[in-house]
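Heads up, the thing below is written out as structure tokens.
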Amino acid sequence: MTGLRVTADKDTKVAVVTLDRPHRLNAVDLAMRDELAACWQALRFDDSVRAVVLTGAGERAFCTGLDRDVEVPQPNSPYMTDDPLLRVGPKSNDLWKPVVVAVNGMACGGAFYLLGESDFLIADPTATFFDPHTAYGMVSAYESVLMAQLVPHGEAARMALMGTAERLSAERAHTIGLVTEVTGPGGALAAATAAAEVIAGYPTQGVQGTVRALWAAKEAAVQRGFAQAPHLVTLGNLPPDRQAGLFRSRQPGFRLR
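Numbered per this note's numbering, the sequence shown spans residues 85 to 341.
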């Protein structure tokens, strides 16, 4: 694997999946996308793993979404749109083992596909969350649908609509329920692993059934939202060259709240 690192502890029955492109702020290219899908699929069949921790390499970012250098081939039709990140998450790959996320640094945009399909988040104090789509002339569709299941509507709307002008701090994310714990500096991975080890020690059928039940509580809303997303993206996104122009002309600075 070129962009993903997976380690498993046979004693604790916990696997740690690390997004490993720190030079690109762990942005997802098409190779990493395929590796993530293959990883979740493999973990479905690995009975030695009962719980999973997902994190990002380096200190600057958990994940900054889709790598902007990626070119995604699209059918020449307004009725067919291929979203490159639809199958990067565990639930999309029918994995019902619990996934705990350790967030360090930035988590933005397409990272929400991963956060939205995980079971709970633990954050380093450096963690920040934001959705840059609107600032670059893009519709935040799939990302907003997933975030609307995790935080109050106003918080999801503000994050999506304010774009790059604001970032949600780890403490604010904890206050609104996006993350369940803010650790001391550098402690998110250890805390997430410790939680996963506890869960992995419980009878697996009960744990997996609980994960499935929790997802069932919101999957109907996700499916309805996702059904609208391709049309909204097709209608609302600026052409790629204009998006790139907005990205190049972006103003530095943001408000941390």
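Each residue gets a CB set at the ideal place from its N, CA and C atoms; glycine is no exception.
List the whole-angstrom C-beta distance separating THR86 from ALA115, where the pair is believed to meet the contact cut-off of C-beta under 8 Å.
6 Å
In this structure, does DSSP put MET243 in helix, strand or coil?
helix
Using DSSP with H/G/I as helix, E/B as strand and the rest coil, what is PHE196?
helix
Beta strand (DSSP E) containing ILE283: first to last residue?
Per DSSP, ILE283 belongs to no beta strand (DSSP E); it is in the alpha helix (DSSP H), 272-284.
Euclidean distance between Cα positions of LEU344 and ALA211
This structure does not reach residue 344, given that the chain is present from 85 up to 341, and the question cannot be answered.
Inspect the beta-carbon positions of THR309 and VAL223 and report whether they are closer than 8 Å.
The question names Thr, yet the displayed sequence has Gly at residue 309. No, the Cβ-Cβ distance between GLY309 and VAL223 is not below 8 Å.
Residue range of the beta strand (DSSP E) that THR91 falls in?
88-93
Segment contact, 8 Å Cβ cut-off, at least three pairs: the stretch 117-125 with the stretch 175-183
yes
In terms of residues, what are the limits of the beta strand (DSSP E) holding SER253?
250-253
So, THR165 versus VAL266, is the Cβ gap smaller than 8 Å?
no
Per DSSP, ILE206 is paired with what?
ALA186, GLU265
Please report the straight-line C-alpha distance between VAL133 and LEU127, rounded to a whole angstrom.
7 Å
Below 8 Å on the Cβ atoms is my contact criterion, and I expect GLY189 with ARG152 to pass it. Report the Cβ-Cβ distance as a whole number of Å.
Actually they are not in contact, since the Cβ atoms of GLY189 and ARG152 sit about 18 Å apart, beyond 8 Å.
Does the beta-carbon distance from GLU281 to VAL98 come in below 8 Å?
yes
For ARG339, the residue or residues it bridges with in DSSP
GLU250
Helix, strand or coil: which one does DSSP assign to VAL100?
strand
Beta carbon of ARG332 nearer than 8 Å to that of ALA249
no
What residue from VAL235, LEU205, ALA141 has the CA that sits closest to LEU88's CA?
ALA141
For my contact list, GLY200 and GLY173 are in at a C-beta cut-off of 8 Å; report their separation, rounded to the angstrom.
7 Å
Nearest neighbour of LYS94, chosen from HIS258, LEU230, ALA284 [CA to CA]:
ALA284
Between which two residues does the alpha helix (DSSP H) carrying THR288 extend?
288-320
Assuming PRO182 contacts ALA135 (C-beta within less than 8 Å), just tell me the rounded distance between them.
5 Å
GLY221, DSSP secondary structure in three states:
coil
Can you find the residues in the same chain that come closer than 6 Å, C-beta to C-beta, to LEU273, ignoring five residues on each side of it along the sequence?
THR139, ALA186
I need the straight-line Cα distance from LEU322 to GLY221, nearest angstrom please.
5 Å
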